[in-house]
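Numbering (our numbering) for the sequence shown: 3 to 292. Beta carbons are placed, not taken as given, at the ideal position from N, Cα and C, and that holds for glycine.
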Amino acid sequence: MPDNALTIADRIQNQLDQLTRAERQLAHSILENYPASGLGSLSVLAKDADVSAPTVARMVQKLGFKGYPDFQTALREELKAKGKTPMARHDTWAEGAPSGHVLNRFTEAVIDNIRHSLAQIEPAEFDAACALLGDTDRRLHIVGGRITHTMAEYLFLHMQVIRQDVSYIQSTTNTWPHYLLDVKAEDVFVIFDVRRYESNTLKLAEMAREKGAKIILFTDQWRSPVHAYADICFSTRIVVPSAWDSAATTLLLIETVIAAVQDINWDSTLDRMERLEDMFDQTKLFRKFT
3 MPDNALTIAD RIQNQLDQLT RAERQLAHSI LENYPASGLG SLSVLAKDAD VSAPTVARMV
63 QKLGFKGYPD FQTALREELK AKGKTPMARH DTWAEGAPSG HVLNRFTEAV IDNIRHSLAQ
123 IEPAEFDAAC ALLGDTDRRL HIVGGRITHT MAEYLFLHMQ VIRQDVSYIQ STTNTWPHYL
183 LDVKAEDVFV IFDVRRYESN TLKLAEMARE KGAKIILFTD QWRSPVHAYA DICFSTRIVV
243 PSAWDSAATT LLLIETVIAA VQDINWDSTL DRMERLEDMF DQTKLFRKFT
């Protein structure tokens with residue numbers, strides 16, 4: 003993956019182990035309010051992170067930039083990419099579309115997204131997220147938005163079979179505050195939010211966090227503002243040669259989560275599956291050919 007395909011957040015995560023203590027302090031400060039944190043002057047960024055100006059200059063070079071102006075230019079380009087409408091994204095791809103059939107071009111982009119996204123996920127963090135989702139002492143709330151509700155519903159449908167106490171919330175309706183009435187500190191929220199990020203989803207995350215709930219966020223490579231409230235954040239790449247972003251990588255991650263969580267309490271999950279199948283048989287919901 004060429005460096006120019008990486009976001010600055012990607013570069014920081016890749017370099018964390020090689021940074022000095024002061025540089026790591028700066029890195030975490032940048033990520034806390036990314037990407038807005040790097041749009042001010044070098045001196046302001048240094049002050050906000052409580053590090054020296056030379057520390058900022060050194061780390062920017064470690065990230066692969068000639069200097070702070072180049073660093074800021076890259077940030078501004080990321081902001082422009084965040085705000086692109088579907089029409090603008092289509093124009094970008096149409097101008098630079100390589101030769102070859104769209105089946106090949108689209109598939110190559112998705113495979114590249116998958117490889118890059120999985121390389122950024124720490125196995126320990128993935129396991130921690132699955133442990134939270136599989137903890138039946140915690141109520142689980144799954145939140146989707148205008149587009150992401152499809153992924154949220156997909157996860158909800160499977161989690162509802164795997165365990166009890168699961169609710170689905172669509173932040174684009176006016177009923178989501180009702181779901182927060184009985185939220186407790188041990189509850190878990192899974193929130194989906196990709197560009198263009200939704201104000202309702204951000205407010206829901208803020209209010210859930212105030213109640214002490216744990217938040218697992220599925221977002222894109224630029225990261226939703228919800229990441230400021232998230233305990234665990236999974237960033238997947240979504241850009242493909244289309245006016246629309248791709249959900250393929252996120253869906254792969256969701257299905258991997260489902261596979262992992264079902265094994266955490268397999269005996270109780272198996273019992274729920276068997277009882278559900280018995281209900282299907284009684285209602286004759288599905289055709290049988292034997």
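With a cutoff of 9 Å on beta-carbon distance, residue 258 and residue 240 are scored as not near each other. Residue 50 sits close to residue 39, with the two beta carbons spaced by under 9 Å.
The continuous alpha helix (DSSP H) containing residue 30 extends over residues 23-34. Of all C-beta pairs linking the region 134-152 to the region 161-177, three or more are shorter than 8 Å, placing the two stretches in contact. Segment contact: the region 23-38 against the region 59-78, three or more CB-CB distances shorter than 8 Å; contact assigned.
With respect to the 9 Å criterion, residue 221 and residue 194 are classified as neighbours on the basis of their beta carbons.
Here DSSP, grouped into helix, strand and coil, assigns residue 151 to helix. Beta-bridge partners of residue 222 (DSSP): 238. Of the candidates 290, 208, 265 and 236, the residue whose Cα lies closest to the Cα of residue 254 is 236. Less than 9 Å separates the beta-carbon of residue 234 from that of residue 134.
Our two residues, residue 55 and residue 11, have alpha carbons roughly 20 Å apart in a direct line.
Contact check between the region 212-221 and the region 187-202: three or more CB pairs, one atom from each, fall below 8 Å, which counts as touching. Counted as a single uninterrupted DSSP element, the beta strand (DSSP E) harbouring residue 142 occupies residues 142-146.
A buried status is given to residue 115, since no fewer than 16 other beta-carbon atoms sit within 10 Å of its beta-carbon. If you check the CB distance, residue 167 and residue 138 come in under 9 Å.
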